[in-house]
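There are 2 protein chains.
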Amino acid sequence: MMIEWKKSYPGVWNGTVGTPELTLTGVSGKRPSDRLNQLPETACPEHKIQFDTMGKYTVLRMELDHEERVFGGGLLFKQVITENQVYHLRVDHYAGVDSGRTHAPVPFVVTSNGIGIFCNTPEQVDLYIRTAHRKEDKAKICEHDRAGDKDWSCYNAPYYIEIAVASPNVEFILFSGENLKDCVARFNLYCGGGFIPPKWGLGLWHRTNMTMDENDVQSVVEEYKKHHFPLSVIGLEPGWQSGSYPCTYDWSARFPNAERMIRNFLKDGVRVNLWENPCISEKSSVYEKLYPYSGSHLQWCGIVPDYNIPEVRNILKEHHRKSHFSIGVSGYKLDESDGYDKWLCPDHAEFPSGINGFVFRNLCGLLFQRITFEIYRENNQRTYGLTRSTNGGSVGFPYIIYNDRYDFKEFVTGLCSCGFTGTLWCPEVRGAQTAQEWVRRFQLLAISPMLLLNAWANDATPWMFPEVENTIREIVQLRESLQPYFYTAFAKYHFEGIPPYRSLFMDYGMFLAENRQHSGDLDDTANPYQEVQSSDIKDQFMFGDCLMAAPLEPGENSRKVIFPPGKWFDFHTGKQIVENGGVIELTCDDLSPMPLFAPDGAVIPVKENGALHVRKFGNLPGKFMLYDDDGETFDYESGKYSWKEIEA
Amino acid sequence: MMIEWKKSYPGVWNGTVGTPELTLTGVSGKRPSDRLNQLPETACPEHKIQFDTMGKYTVLRMELDHEERVFGGGLLFKQVITENQVYHLRVDHYAGVDSGRTHAPVPFVVTSNGIGIFCNTPEQVDLYIRTAHRKEDKAKICEHDRAGDKDWSCYNAPYYIEIAVASPNVEFILFSGENLKDCVARFNLYCGGGFIPPKWGLGLWHRTNMTMDENDVQSVVEEYKKHHFPLSVIGLEPGWQSGSYPCTYDWSARFPNAERMIRNFLKDGVRVNLWENPCISEKSSVYEKLYPYSGSHLQWCGIVPDYNIPEVRNILKEHHRKSHFSIGVSGYKLDESDGYDKWLCPDHAEFPSGINGFVFRNLCGLLFQRITFEIYRENNQRTYGLTRSTNGGSVGFPYIIYNDRYDFKEFVTGLCSCGFTGTLWCPEVRGAQTAQEWVRRFQLLAISPMLLLNAWANDATPWMFPEVENTIREIVQLRESLQPYFYTAFAKYHFEGIPPYRSLFMDYGMFLAENRQHSGDLDDTANPYQEVQSSDIKDQFMFGDCLMAAPLEPGENSRKVIFPPGKWFDFHTGKQIVENGGVIELTCDDLSPMPLFAPDGAVIPVKENGALHVRKFGNLPGKFMLYDDDGETFDYESGKYSWKEIEA
């Protein structure tokens, strides 16, 4: 099958099979950023790509170079390089295995050669990465005998990626960047560019126990003042509503003076964020209106309105505007759009707009964000919140993905992988076994997209381990001192498409010498197919313009840190760590600061006691372009912002 | 949609939607057992069942009673009761989560009320167990507020099971038994009845390192003699072939005198079993013949013949007969039909018979068993082997499922769950960190469907921990002494459909008082939805007529044992343990024997020094019907067998 690739922007081509009705970008309601037109032209790699119709599937196939690596394919928690994997993408709670079932199964892959493929569809997408050989490839493959030939390997060139979409109607979008990072940036810009959070969003968040009433919540805010922790947002969990699981979206009698409470909090600079999920109770004031537009199946005993219908979105926007926005609510946490599978309606559920449960779930988080975001957008006020699922096209929605797991390694790998698909991932703190664990978790939070203490099911506070209260306060201060740095990172996300959180591979390419053997070490349980263990980097990442984090795990007092080529410096002490990249073993104390490193020439603005200082690392020339705007409206879209060049 | 249920046997009704071409039972080539006609009639529960066509799905829905529990849905490793789960069934390597991706995703579920539903199709089947509420159920559901109402629960009556098949053409088969066990038995008999292994199959198996040549293998057999371990089967791993991964199915030069070796082994009572996988090398003598019948994609660089084509099966049978069977090979280990997903061809692969990769994979293990089994069947000789995937309809194929994992808990839970879907699961030993672990693993093996030491990737031997060599020998002797007991269990599998390995629930019903609360304990990470932890029993099981095993885990010196109502006795000492069921905490030494228990009235034949002894437990009257036949042919099918009543 031949399809025509039509150039839409420099380095971006659209190829359509059949007549797709729903696309992810269409559903998001976002338009590509004009910035795309200013980017240099690149060559179209269309000659590498072939299409086939195979039964119910539309199949795209692309040959990869021998050392070409693939990234993306959704939010991953166990690895960054998606070598030789199969992902059956679908929105689901991540259950401990990177199988394609994840909170953000974005059907976008990007290679180390800077080629990106986006399947702009909510239908089922399967990714076969460096694993699908066809019969016609046979002549190009050299067979070896596993038992007797040391050249045997479980993986063999040539390598391909095959993408199968279970639909005859698909839009594919092909991106070609000057490198991996540039390709990701073009993808982000095509989806509208990243969001810029309100400045208050980068402060300290606390979500309260779901059973709390107005007085309880006010006490929590008071406690923060008493302990001199600068609380920025208080999040209310299900109990703010008159009913939840399923939800009413109406205020509970537990909050008789919600408006007054919110206004008082605002005087202290504290915003209120509300928890919601998509399942609506018969007790809700919007139940009757939404009933005719809801799907065949219930979730949490509530109806599920079909967000794919504009009238549904309008009803919900109207209600949220009147009941929450108008009294000062700052935003939402959108829960349970992912499922754990069993909590959501089945794939075969029918929705009034004609989509089924599978497609609805792929769109639910995306549209939930759109609905709530648009209320704020239409009132020229920024919002910041959380979502438990998303999909391609959501890069401009100011929502961070979170989940119920609490594995530190996974939290870090999520931060490494999220940037490949226009998503941001949010570790959170909920509790700890030891003071040291509490510190380590806060350290990670302090450099995450959201600094969130989530006490929805307990009564955790930043000072719950008194012996480290000061340490935690210093960590929050570090976050504040880096606020201009973070804010600029988000501006680059918006204007240039550069993700604020990035894998080292995105900034430095495949700089590790691969030195791949023919086959890896045999272990009958851990490695029965003698897979070569690739040089993945999944426990350290870049954030902002140039800082590299190598988080310390709870319980560990040493770790390996990989440095890309060049000189690298300790951010805290300024001391040079390596002369020209390489690997070091870092040892540290229980309360050592989060290991942060800056490359030669790095210039980093730091706010201290209200004044802006500049820190410069190494001897290479360097500068920092500091972004600023009003911090809370969309006026930056009409040019009201500044970029200030900062030198040491 | 109305469909007509047609009674085919007592307690068995067939209901067809559309015109299904392929069915699992059709593919297996087996016919229902005549025995079914002798079973009592039961009432058809058709009034509980409704059908809908929802988009591409055919959906069956059945209401469950409040306390009705569901079992089956394929081989599970983490739980036995499948309460409130969603399984997207597909053949895959089990990856640590019971999600429907498993070695045996048999689309059969059975309830504690004795109702069974079998989707006799290789197409995609999704099971929604006690989780799919519809809008029309709303009036029957009582809503509660999670934050303020202690009656809130994440699960709410009424309960349903919905089964969605992604095809307009499906045969459903409805079973109604007098109880859970009787329903499972009818399902097994409908699929042809269980297999009876050859007597030698119940002995000690050793699989050799894949790099070994003829001399190495002969040395292994000699070592067994020297150490007085009664080896029954020696398994050759990939290296017996001239090429593997992909396979040739032809003898390697490493085995220049394979026939002589096999004949010599047979003189010592040692059988040879050969490893294979479905991917065929260009160096194979059957490559050219099979090439035109192979699928669009390669696996392990080899072609994949379409087993769904009779001519393919004939080519393979002819080759296996000539090259292996005729020189004395006793059977096969059929590997890699499950996948790990990434090792197999994609779902969209096309096969000459018109099926796609998804369906091929669902059938691959089933047909691989059929092909190899039929060679032996046609020569009136029994075989016994291993398969890494199977599906509904395979109950009569003498193959045990295994995998690469090595988690003791999972191994035990596999034995608890396998019997619900006509499958048998095989733990195996490969190695151990300590002598105690070695002992505990062998203890589990000694009461498993196959006593298999799998040294394919190492050089493990039963005597590798010299300090426990005698203990291991005693464990093997225990296995031998129970041989008449095991053999009879398999006869009941064949003649009556009773699985040799069973959950306690199958024999004793839902005997645990459930006492379910409205909601479970909240834990923000481990139990965020406050699920009630059901009284599952997943670490002890019944085997044979009446023995209950409560395996000791490596590293543990005590465990909880649950006893169904009535008196129970220690199998080894004869001592009474409980007066009327209940839970005890068992403590034990490192080398304590495997805890085995017999109920009041149990009569168990035990072979000691070649003579048959009888052990009787308790005072209740009891007897044992001992089965026997020639142990190696299919003459039992024409009546050449005996059932001897044994009393204490």
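Chains S and W are the protein sequences, given in the same order.
Numbering-wise (the working numbering), the first sequence opens with residue 13 and increments by one.
Numbering-wise (the working numbering), the second sequence opens with residue 13 and increments by one.
Virtual Cβ for every residue (Gly too), placed ideally from N, Cα, C.
Can you tell me the Cα-Cα spacing of residue i and residue j, whole angstroms?
i      : j      : result
W:T483 : W:L603 : 8 Å
S:Y236 : S:D225 : 17 Å
W:K329 : W:D350 : 21 Å
S:M14  : S:Y352 : 39 Å
S:H239 : S:V233 : 10 Å
W:A538 : S:G112 : 22 Å
W:F646 : W:D557 : 23 Å
W:G126 : W:R146 : 25 Å
W:Y261 : W:G206 : 28 Å
W:L88  : W:L378 : 18 Å
W:Y202 : W:S45  : 6 Å
S:N285 : W:D536 : 19 Å
S:A144 : W:V103 : 18 Å
For the alpha helix (DSSP H) containing residue i, list its first residue and its last residue.
i      : result
W:A447 : 447 to 458
S:S244 : That residue, S:S244, is in no alpha helix (DSSP H); its beta strand (DSSP E) goes 243 to 248.
S:N200 : 192 to 202
W:S493 : 481 to 493
S:Q230 : 226 to 238
W:N374 : 369 to 390
S:D138 : That residue, S:D138, is in no alpha helix (DSSP H); its beta strand (DSSP E) goes 137 to 141.
S:Y396 : S:Y396 -> no alpha helix (DSSP H), and no H or E assigned at all.
On the DSSP letters alone, give me the boundaries of the beta strand (DSSP E) that residue i sits inside.
i      : result
S:H100 : 97 to 103
S:V298 : Where S:V298 is concerned, there is no enclosing beta strand (DSSP E), given that its DSSP letter is neither H nor E.
S:H115 : Element bounds for S:H115: n/a, residue is neither H nor E.
S:D582 : 580 to 582
What does DSSP give as the partner residues of residue i in its beta bridges?
i      : result
S:A561 : S:F553, S:L608
W:F409 : BP columns for W:F409 are empty, so no partner.
W:H156 : Looking at the DSSP assignment, W:H156 forms no beta bridge with any residue, so it has no partner.
S:M66  : S:Y69
S:A623 : S:E620
S:P317 : S:S306
S:Y653 : S:D641
W:W437 : W:I413
W:C430 : The partner list for W:C430 (beta bridge, DSSP) is empty, contrary to what the question assumes.
S:C131 : S:F184
W:Q50  : None; W:Q50 has no bridge partner.
W:Q91  : In DSSP, W:Q91 forms no bridge with anything.
If the criterion is Cβ atoms closer than 7 Å, does the pair residue i and residue j meet it?
i      : j      : result
S:N132 : S:T35  : yes
W:A178 : W:K42  : no
S:I397 : S:Y411 : This sequence places Gly at residue 397 of chain S; Ile is not what is there. For S:G397 and S:Y411, yes; Cβs fall inside 7 Å.
S:P210 : S:R333 : no
S:K3   : S:V595 : There is simply no residue 3 of chain S to check, as chain S begins at 13 and stops at 660 in what is shown.
W:G613 : W:G586 : no
S:P617 : S:Y497 : yes
W:Y172 : W:N96  : no
W:V118 : W:N403 : yes
Going along chain S, which residues have a C-beta under 7 Å from residue i?
i      : result
W:A144 : H309, P358
For residue i, return the contacting residues in chain W, with the cut-off set at a CB-CB distance below 7 Å.
i      : result
S:N470 : D536
What residues of chain S sit near residue i, judged by a beta carbon separation below 8 Å?
i      : result
W:A176 : P358, D359, H360
W:Q97  : K354
Applying a beta-carbon distance threshold of less than 9 Å, which residues of chain S neighbour residue i?
i      : result
W:S306 : K147
W:E85  : Looking at the sequence itself, residue 85 of chain W is Gly, so the reference to Glu does not match. Near W:G85 there are no residues of chain S at all, since even the closest Cβ is about 13 Å away, more than 9 Å.
List the residues of chain C that residue i touches, going by C-beta distances under 8 Å, in chain order.
i     : result
W:M66 : Looking for chain C here will not work: the only protein chains present are S and W.
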